[in-house]
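To keep things clear, I will list the structure first and then write my remarks on it.
Residue numbers (the numbering used here): 200 to 290.
Structure (structure tokens):
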């Protein structure tokens, strides 16, 4: 049962959502598919990092979570720019 597997894991929903969105990215050639999967991978990391900011007590974890959000936001923008540059719709 999925509920039992996620019990006690504050990241479970974010992990499942990320996996589902990555698996759905199937449009285009290998470059486009990779780019779309990486966008969802980075978005998933940002979602998990927001959970860490909200729930983690350790200051270093919270610092790394904020760093991850900042870096992944830039990475997603770069990946979106690649899609647009190649005439592909952003996601």
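The C-beta atom is built at its ideal place from N, Cα and C for all residues, glycine as well.
Along the length of the segment 209-238, whole alpha helix (DSSP H) runs at least 4 residues long occupy 211-223, reported in chain order. In the DSSP annotation of this structure, the continuous segment of the alpha helix (DSSP H) that includes residue 280 starts and ends at 258-284. Look at the beta carbons and you see the segment 262-271 touching the segment 230-250: at least three pairs across the two are nearer than 8 Å. By the neighbour-count criterion, in which 16 or more other beta carbons inside 10 Å mark a residue as buried, residue 234 falls on the buried side. In the three-state DSSP reduction, residue 251 falls in the helix class (H, G or I).
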